[in-house]
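Structure first, commentary second.
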Amino acid sequence: MEMAFDHAEASFHELSKDENGSGSVTGIIGPKTRMPGVVYQEDRRLDEFIRSGVLTDETLASGFRDVASRFPDRIALSEPGCAYTFRELNEITDKAAAAFLGLGLRPLDRIIFQVPNCKELVVALIACFKAGLIPICTLTAHRALEIGYIGHHAAATAHFVPGDDPKFDFVAFSNGMRSEIPSLNRTVVLRGEAPAGSDAVALETLIAGQDLESARQTLADVELDPFQVAVFQLSGGTTGVPKIIPRFNNEYLYTMRTVIDFHGLDETTVALTPAPMVHNAPMICIWGPSLFAGGEVVAAASLDPAVLGPLIVARRPNWFLLPIPILLRLQETGWLDQMDLSEAKGFITTVGAAKLSAMVDGAPAWPIFGMTEGLVCFCNESDSAEAVNDSVGRQIDPHDELRILAFDSDEELPDGAIGELAIRGPCTIRGYYDAPERNAEAFTVDGFYRSGDMMRFQTIGDRRYLMFEGRVKDVVDRGGEKINCEEVERICLEHTNVAAIAIVAMPDAAYGQRACAYIIPPAGSQAPTVQQLAEFLGARGMAKFKWPERIEVVSEFPMTSSGKLSKPKLREMIAEKIA
1 MEMAFDHAEA
11 SFHELSKDEN
21 GSGSVTGIIG
31 PKTRMPGVVY
41 QEDRRLDEFI
51 RSGVLTDETL
61 ASGFRDVASR
71 FPDRIALSEP
81 GCAYTFRELN
91 EITDKAAAAF
101 LGLGLRPLDR
111 IIFQVPNCKE
121 LVVALIACFK
131 AGLIPICTLT
141 AHRALEIGYI
151 GHHAAATAHF
161 VPGDDPKFDF
171 VAFSNGMRSE
181 IPSLNRTVVL
191 RGEAPAGSDA
201 VALETLIAGQ
211 DLESARQTLA
221 DVELDPFQVA
231 VFQLSGGTTG
241 VPKIIPRFNN
251 EYLYTMRTVI
261 DFHGLDETTV
271 ALTPAPMVHN
281 APMICIWGPS
291 LFAGGEVVAA
301 ASLDPAVLGP
311 LIVARRPNWF
321 LLPIPILLRL
331 QETGWLDQMD
341 LSEAKGFITT
351 VGAAKLSAMV
361 DGAPAWPIFG
371 MTEGLVCFCN
381 ESDSAEAVND
391 SVGRQIDPHD
401 ELRILAFDSD
411 EELPDGAIGE
421 LAIRGPCTIR
431 GYYDAPERNA
441 EAFTVDGFYR
451 SGDMMRFQTI
461 GDRRYLMFEG
471 RVKDVVDRGG
481 EKINCEEVER
491 ICLEHTNVAA
501 IAIVAMPDAA
511 YGQRACAYII
521 PPAGSQAPTV
531 QQLAEFLGAR
541 GMAKFKWPER
551 IEVVSEFPMT
561 SSGKLSKPKL
571 REMIAEKIA
């Protein structure tokens with residue numbers, strides 16, 4: 001039955017090749033069905049990517065089936081007290097996929113995922129890929145405002161939730177959302193039991209009710225499309241409701257395989273991150289590449305060191321996305337000293353690679369830069385210490401086109417000049433879902449996505465790297481002098497008593513704004529005082545007007561609903577405190 005399933009995918013792309021198989025498109029280009037609101041790549045560019053072998057007739061489902069057939073007995077997915085081999089995970093997800101279709105869900109239906117990290121989340125995601133359903137990757141922190149907007153906007157048909165959260169009744173919440181969103185008619189409890197008297201159904205019950213052979217017969221009739229939407233990710237905006245970002249089957253798989261090749265990941269990889277696994281970065285840079293390389297995915301359901309520490313010691317992950325504040329907690333509780341990092345392939349970090357590497361006994365730490373809209377940049381072992389410590393990496397896909405543009409302009413700037421990064425490529429979106437006004441602002445006339453990131457190119461050795469200079473709007477206006485927050489943060493991170501820092505504007509009667517630094521100190525250390533930090537920055541030649549004039553010491557930063565640092569919340573906090 002699996003052969004029939006795979007043939008349904010392959011036969012479509014055969015129509016897109018000439019007789020000698022060169023990949024030249026002669027018939028259908030792109031998706032068979034064009035979903036309203038989705039902006040697809042232009043036919044001309046798709047033809048280029050097909051000819052070059054970048055975009056193929058593979059889907060996430062066929063890619064997973066392939067790796068499962070090559071490594072059937074290796075551990076694919078684990079959490080405390082449970083582990084699935086690839087064979088077991090393939091069978092379970094076949095049953096789950098058929099069960100979802102048995103509920104009346106149909107390919108291209110949009111499914112709201114609102115589930116914490118757990119093995120059931122991974123099972124349900126793979127099952128949706130096999131059934132042609134489109135996960136909408138929301139967060140457990142989202143509530144009626146976000147879920148209501150997203151559910152209406154995407155016309156979601158089902159809501160996948162946990163049933164065992166002690167702090168929030170997600171099933172009752174889902175019932176409320178179903179009464180407000182006309183298209184939403186199903187609640188599936190991925191973890192835990194469905195409440196008695198509820199029409200919600202538990203994933204465990206759905207899987208138990210499926211025969212494997214019958215499930216595979218059902219899936220054999222599902223014709224998956226490599227050029228179709230695989231997931232709806234959400235933008236990481238700091239204000240308002242998130243925008244919906246469509247990512248497609250073959251380009252998502254291509255990105256994961258590019259990460260695999262860049263870092264030399266293989267079946268010995270064991271990936272772990274406590275960050276939300278539905279997020280784009282964990283999915284395409286951490287656990288997704290591990291899974292598609294034949295490695296193991298460790299589902300970390302808790303940030304509590306008492307839970308996370310023993311899990312790391314037991315499963316011995318070697319491919320991490322562990323933010324510095326979480327590492328500090330593991331250090332304070334003694335778990336960091338018990339971690340065997342002798343075979344670590346890398347810790348991924350957005351800031352302070354050298355500082356993070358020092359915390360983990362010199363295990364490799366690689367900077368990452370990217371965006372849910374498409375681009376991924378990394379460093380690896382072939383890059384110099386200067387590049388690893390000073391840059392945010394280099395593009396890992398040679399087919400990506402990067403430009404630095406003058407602000408509010410399409411003018412391309414030379415290397416070394418600071419401007420706004422713009423990107424175009426096989427994995428960069430051509431538009432947000434059903435957002436024509438935003439798309440008109442976010443893209444140049446020739447299809448480059450405006451990232452909102454202040455960047456410059458710098459050549460180190462014989463390679464071209466991106467140097468992050470801040471967000472276009474992340475500045476403090478001190479009496480007309482503009483302070484680039486990221487520039488100051490980057491230097492402050494070199495201070496031994498600064499583990500993490502976020503600088504924001506605070507109101508000031510004389511200057512309009514002054515800089516306030518929120519600092520998380522290392523375990524067992526005290527944050528520097530304003531005077532000590534001033535002396536530190538002065539010794540490094542930084543202009544005095546840029547120095548933070550207030551320091552707030554915290555143990556963690558507030559986060560947005562999309563899981564990113566919320567500078568608007570920090571600005572609100574300091575404004576209230578000094579009012």
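Mapped onto UniProt numbering, the consecutive letters of the sequence shown carry residue numbers 1 to 579. Think of the CB as a built atom: it goes at the ideal place given N, C-alpha and C, for glycine as much as any other residue.
Check whether residue i and residue j have beta carbons under 8 Å apart
i              : j                 : result
isoleucine 111 : leucine 133       : yes
lysine 119     : alanine 230       : no
lysine 130     : histidine 263     : no
alanine 124    : leucine 219       : no
leucine 206    : alanine 99        : yes
glutamine 395  : cysteine 377      : yes
serine 235     : threonine 372     : yes
alanine 358    : phenylalanine 347 : no
threonine 85   : arginine 70       : no
isoleucine 452 : arginine 430      : The amino acid occupying residue 452 in the given sequence is glycine; isoleucine does not appear at that position. No, they are not a contact pair.
threonine 268  : glycine 288       : no
arginine 514   : valine 530        : no
proline 226    : glutamate 58      : yes
glutamate 332  : alanine 144       : no
valine 188     : proline 107       : no
alanine 158    : aspartate 109     : yes
isoleucine 503 : glutamate 481     : no
alanine 435    : lysine 564        : no
valine 476     : isoleucine 483    : yes
histidine 153  : glutamine 114     : no
leucine 421    : aspartate 400     : no
methionine 256 : phenylalanine 292 : yes
glycine 37     : tyrosine 433      : yes
Residue interval of the beta strand (DSSP E) (run including residue i)
i              : result
serine 451     : 449-460
serine 78      : 75-79
leucine 190    : 186-191
aspartate 477  : 475-478
threonine 85   : 82-85
glutamate 401  : 401-405
isoleucine 551 : 550-553
glutamate 469  : 463-471
valine 376     : 376-378
Element boundaries [alpha helix (DSSP H), containing residue i]
i              : result
aspartate 43   : 43-51
cysteine 485   : 485-492
arginine 438   : 436-442
alanine 68     : 60-70
valine 530     : 530-539
valine 39      : Run containing valine 39: none; DSSP gives neither H nor E here.
arginine 106   : That residue, arginine 106, is in no alpha helix (DSSP H); it is neither H nor E in DSSP.
glutamate 146  : 144-154
methionine 177 : 170-180
aspartate 390  : 385-390
Cβ distance (whole Å) where residue i is taken to contact residue j below 8 Å
i                 : j              : result
cysteine 485      : glycine 470    : 6 Å
valine 278        : leucine 413    : Not a contact, Cβ separation roughly 36 Å.
isoleucine 574    : methionine 506 : 4 Å
threonine 459     : arginine 450   : Rounded, the Cβ-Cβ distance is 24 Å, inconsistent with contact.
serine 290        : valine 270     : 7 Å
tyrosine 252      : isoleucine 286 : Not quite, the Cβ-Cβ distance comes to about 14 Å (not below 8 Å), so this is no contact.
leucine 89        : leucine 77     : 6 Å
phenylalanine 170 : glycine 163    : 7 Å
arginine 456      : glycine 416    : 6 Å
tryptophan 335    : alanine 353    : 22 Å between Cβ atoms; not a contact.
Residue(s) in a DSSP beta bridge with residue i
i                 : result
phenylalanine 113 : Cys137 and Phe160
tryptophan 366    : Ile348
glutamate 572     : For glutamate 572, which the question treats as bridged, DSSP gives no partner whatsoever.
residue 583       : Absent from the structure is residue 583, since the part of the chain shown begins at 1 and ends at 579.
glycine 309       : According to DSSP, which records beta bridges pairwise, glycine 309 is partnered with nothing at all.
valine 270        : Glu296
arginine 247      : Val231
glycine 419       : Met455
glutamate 481     : Arg478
glycine 512       : Asp508
phenylalanine 557 : Note: phenylalanine 557 sits in no beta bridge, so no partner.
phenylalanine 100 : For phenylalanine 100, which the question treats as bridged, DSSP gives no partner whatsoever.
Proximity test, residue i beta-carbon vs the ligand NAD heavy atom, cut-off 7 Å
i             : result
glutamate 296 : The ligand NAD is not among the ligands present in this structure, which contains no ligands whatsoever.
Cβ contact (3+ pairs, closer than 8 Å) linking the segment 494-505 and the segment 517-531: yes
Inter-stretch contact (C-beta, 8 Å, three-pair minimum) for the segment 568-579 and the segment 533-547: no
So, do the segment 316-327 and the segment 379-393 have three or more beta carbon pairs nearer to each other than 8 Å? no
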